[in-house]
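Worksheet: the structure to be examined is printed underneath.
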Amino acid sequence: MNYHGLRREATDSTAEHWRRTRKGRFFLSAAFGEHLRRLGLQDFPCGLGSWNKSRFDAHRSPRRGRPGPGTDPAGQEETVPLGEESPEALMELLRDHHSPWALPPGCSPQDQRLREMAVLAPELVRGSNVFQLFRSLRIVDKGVSAVDEGLLQLHQLEELILSTNKISGINSANLPRTLKVLELCCNAVADLQDLCAHPPPELQHLGLGYNRLCSPLQDKYLTAAFWPNLVSLDLSFNNFTDLMELVSQLSSLQKLRVLVLQGNPLALIPTYRGFLVDSLLKLSILDDIHIGPDERHQFRGLAKQPELIRNEAQVVVSIGEIKGVPDPSVQQQLEVGSEAPVITYSYCVTYEFAEGEEIEDGSSTEVCASPNLSLFQVTKIHQSPTVATLDVDSSAQDTGETRGQQEGPSCPWEEDVSPQRFFFLCPCTAKVFVTPGKPWADTIDCSYRKEHTVRDLVGLKSYLAAGTIVLSWPVHVPMPRDKQKKKKVKPCEFRSDPPIRRTLGTQQVTLETLLATEDLVATVCNFGILTVTDLLLSTGKRKNKDSAELEEGQELQPVPLRVQFQMQLLRWPSAAGSQSQESVATTVGKTQ
1 MNYHGLRREA
11 TDSTAEHWRR
21 TRKGRFFLSA
31 AFGEHLRRLG
41 LQDFPCGLGS
51 WNKSRFDAHR
61 SPRRGRPGPG
71 TDPAGQEETV
81 PLGEESPEAL
91 MELLRDHHSP
101 WALPPGCSPQ
111 DQRLREMAVL
121 APELVRGSNV
131 FQLFRSLRIV
141 DKGVSAVDEG
151 LLQLHQLEEL
161 ILSTNKISGI
171 NSANLPRTLK
181 VLELCCNAVA
191 DLQDLCAHPP
201 PELQHLGLGY
211 NRLCSPLQDK
221 YLTAAFWPNL
231 VSLDLSFNNF
241 TDLMELVSQL
251 SSLQKLRVLV
261 LQGNPLALIP
271 TYRGFLVDSL
281 LKLSILDDIH
291 IGPDERHQFR
301 GLAKQPELIR
311 NEAQVVVSIG
321 EIKGVPDPSV
331 QQQLEVGSEA
341 PVITYSYCVT
351 YEFAEGEEIE
361 DGSSTEVCAS
371 PNLSLFQVTK
381 IHQSPTVATL
391 DVDSSAQDTG
401 ETRGQQEGPS
411 CPWEEDVSPQ
421 RFFFLCPCTA
431 KVFVTPGKPW
441 ADTIDCSYRK
451 EHTVRDLVGL
461 KSYLAAGTIV
471 LSWPVHVPMP
481 RDKQKKKKVK
491 PCEFRSDPPI
501 RRTLGTQQVT
511 LETLLATEDL
521 VATVCNFGIL
531 TVTDLLLSTG
541 KRKNKDSAEL
551 EEGQELQPVP
561 LRVQFQMQLL
571 RWPSAAGSQS
581 QESVATTVGK
591 TQ
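Its first residue numbered 1, the sequence shown is counted upward by one per residue in the UniProt record's numbering.
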């Protein structure tokens with residue numbers, strides 16, 4: 001008998017529950033019905049059919065002298081009628097991973113036990129009897145958008161896992177009162193009001209990670225008045241921002257032992273973990289990390305110092321050495337008395353950081369504000385005086401500002417980059433920071449360190465989740481000017497052309513681990529191998545013979561362009577330990 005036969009035996013109301021969708025919404029009962037059909041509890045090798053019918057005959061067959069069910073004479077093997085299969089053979093078809101009747105992907109061990117029960121006792125899984133067998137229901141990534149009253153038929157249900165669906169809210173009246181575990185991770189839950197109207201009284205675990213909950217409207221639903229027996233609570237990767245208000249509500253949960261809050265904006269506060277550890281004394285595990293006696297002693301008394309709880313985060317960005325930049329001097333083989341321009345080069349690194357109130361320490365200058373970007377790039381700045389001179393002003397490169405005659409776009413990508421070229425758009429506004437310009441060397445040591453203080457914690461969370469963005473745009477090099485008529489010029493007048501900024505490489509840096517339990521992201525960005533020809537300016541002039549011979553005879557070792565980059569989220573109680581971590585990370589970067 002197939003599942004359509006099961007529907008005929010069920011009541012009309014039951015059949016309606018399992019097949020219903022309304023107004024474009026996909027209900028849990030419909031997903032459960034599809035799940036039962038996937039299990040094939042009434043199809044071969046499960047259920048009752050020609051493959052096992054005689055085994056469940058209620059009467060003894062005198063012609064064959066075969067005992068009915070429930071009898072097994074000692075020392076006598078049961079004879080399997082022709083055309084039927086033994087229970088052992090049917091069970092083997094279910095358990096063999098290579099069998100066409102193996103358990104479908106994504107099913108649970110309970111589903112396997114149900115199928116085996118359908119082989120040994122098919123009558124137990126017929127009709128509405130199957131509803132009494134479910135103590136755990138796992139419907140993951142099935143597009144469920146609502147939980148309807150059909151779930152109430154599962155009278156014995158204790159565990160309900162609905163991760164990775166499209167649920168925006170749950171009416172608690174549709175949840176069985178026997179429920180002890182409710183997992184709603186990766187949905188679209190933004191309001192807990194309906195869930196808390198008549199919540200299951202015995203619920204011990206509530207999983208709400210990766211949803212849309214935020215402060216302060218949802219904090220009031222996280223108390224013992226709604227969840228008196230709650231032992232484990234997962235609120236990770238939502239948008240809770242008020243640490244003190246949330247802790248005041250959670251403190252009423254006397255049975256709470258496991259709490260997950262990582263990924264929320266409030267988890268970026270330096271005193272976040274210490275304040276929670278000292279405030280919730282019965283807590284055993286916070287953010288998947290066990291709370292030991294030493295940690296409790298370290299943070300003792302912090303809960304009584306609310307003045308230390310500031311809704312701001314501190315992030316340190318450090319940029320170390322640049323390696324692999326080809327020597328630009330091989331491009332310039334100028335003879336004495338030549339009127340060709342002298343070209344000087346300096347190199348800098350720019351990065352974007354989430355817009356917020358910054359601490360200005362003079363170590364760097366904001367060069368432009370560009371929304372929806374996060375990048376990490378190496379920029380080469382050319383300066384081309386029209387008359388040869390050794391007095392070259394490099395202040396524009398070092399500070400990111402331009403002087404009077406050095407007009408041009410403040411950002412090299414303003415004219416060439418369009419939003420369609422981004423792989424991912426960060427939903428926060430970001431600002432670009434630049435390291436001081438450095439002359440060429442085999443190893444260019446930036447020795448850059450800047451501490452950012454951010455009060456927009458939601459924006460910082462979005463920035464870290466997006467990470468840095470891989471960008472690419474064509475190099476903008478001005479075409480050579482047409483030769484003009486010679487005019488008398490004063491021999492002492494010198495003029496510098498605006499600097500030409502050229503991007504040598506960009507790379508994505510993943511920062512999402514800072515939203516979890518990690519404090520430091522340290523990496524060496526590898527931009528690949530650059531050659532001298534990649535750096536040549538389009539001056540329109542032919543290379544002289546000496547320069548060509550030099551390039552042919554010189555052997556350049558292929559060294560990839562690399563930059564040491566790290567970002568650290570400062571946490572309480574001290575920054576000394578974090579600075580030592582920075583030193584270790586930099587040392588590791590140098591060995592790569």
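Positions of the beta carbon are idealized from the N, C-alpha and C atoms, including for glycine.
Which listed residue (the options) has its alpha carbon closest to that of residue i
i, options, result
"F134", "V147, S145, F26 and L114", "L114"
"K323", "P45, G467 and V524", "V524"
"I529", "D96, P326 and M117", "P326"
"S346", "Y463, T453, N311 and P436", "P436"
"A466", "W440, D497, E451 and L511", "L511"
"P45", "R55, V80, P87 and F27", "P87"
"E245", "P306, H97 and S284", "P306"
"L230", "D242, L253 and S215", "L253"
"Q564", "N526, L570, R571 and P558", "N526"
"E312", "G320, K304 and T241", "T241"
"T164", "W572, R502 and A188", "A188"
"Q507", "R571, S462, L561 and L520", "L561"
"W572", "L103, P100, Q132 and F299", "F299"
"G505", "Y351, R55 and W227", "Y351"
"S232", "S215, L256, L243 and T79", "L256"
"L304", "I289, L280, G292 and I291", "This sequence places Lys at residue 304; Leu is not what is there. Closest by alpha carbon: L280."
"T79", "S54, H97, S99 and W101", "S54"
Rounded Cβ spacing between residue i and residue j (contact assumed at less than 8 Å)
i, j, result
"L276", "V247", "6 Å"
"D141", "L39", "Rounded, the Cβ-Cβ distance is 17 Å, inconsistent with contact."
"Y210", "C186", "4 Å"
"P354", "D456", "Inspection of the sequence shows that residue 354 is occupied by Ala rather than by Pro. A354 to D456, Cβ: 7 Å. Contact."
"P176", "L157", "5 Å"
"R138", "S108", "5 Å"
"I289", "T513", "With a Cβ gap of about 14 Å, I289 and T513 do not count as contacting."
For residue i: DSSP bridge partner residues
i, result
"H297", "Bridge partners of H297: none, in fact."
"T443", "K323"
"M567", "V317 and V521"
"residue 602", "For residue 602 there is no data in the structure shown, the boundaries of the chain being 1 and 592."
"E159", "S136 and V181"
"I289", "L286"
"V130", "According to DSSP, which records beta bridges pairwise, V130 is partnered with nothing at all."
"A146", "F27"
"P560", "I529"
"K438", "Y347"
"N239", "C214"
C-beta atoms of residue i and residue j nearer than 7 Å
i, j, result
"D278", "L302", "yes"
"L41", "V125", "yes"
"Q249", "T271", "no"
"V144", "A225", "no"
"R25", "A146", "yes"
"G263", "S236", "yes"
"N238", "L213", "yes"
"V315", "H452", "yes"
"L160", "L182", "yes"
"S168", "P199", "no"
"L464", "L515", "yes"
"L208", "L184", "yes"
"L317", "I285", "According to the sequence displayed, residue 317 carries Val and not Leu. Contact: no."
"L151", "N129", "no"
"T443", "E295", "no"
"D497", "L569", "no"
"P265", "V458", "yes"
"P328", "W440", "yes"
"D148", "F27", "yes"
"W51", "E92", "no"
Residue interval of the alpha helix (DSSP H) (run including residue i)
i, result
"Y463", "L457 to A466"
"S29", "L28 to L39"
"F226", "It is not in any alpha helix (DSSP H) - F226 carries neither H nor E in the DSSP assignment."
"A118", "P109 to L120"
"L246", "L243 to L250"
"D96", "Note, D96: premise wrong, no alpha helix (DSSP H); not H, not E."
Boundaries (first-last residue) of the beta strand (DSSP E) holding residue i
i, result
"E352", "T344 to A354"
"G207", "H205 to G207"
"S232", "S232 to D234"
"V277", "From DSSP, V277 is part of no beta strand (DSSP E) but of the alpha helix (DSSP H) over Y272 to S279."
"L259", "V258 to V260"
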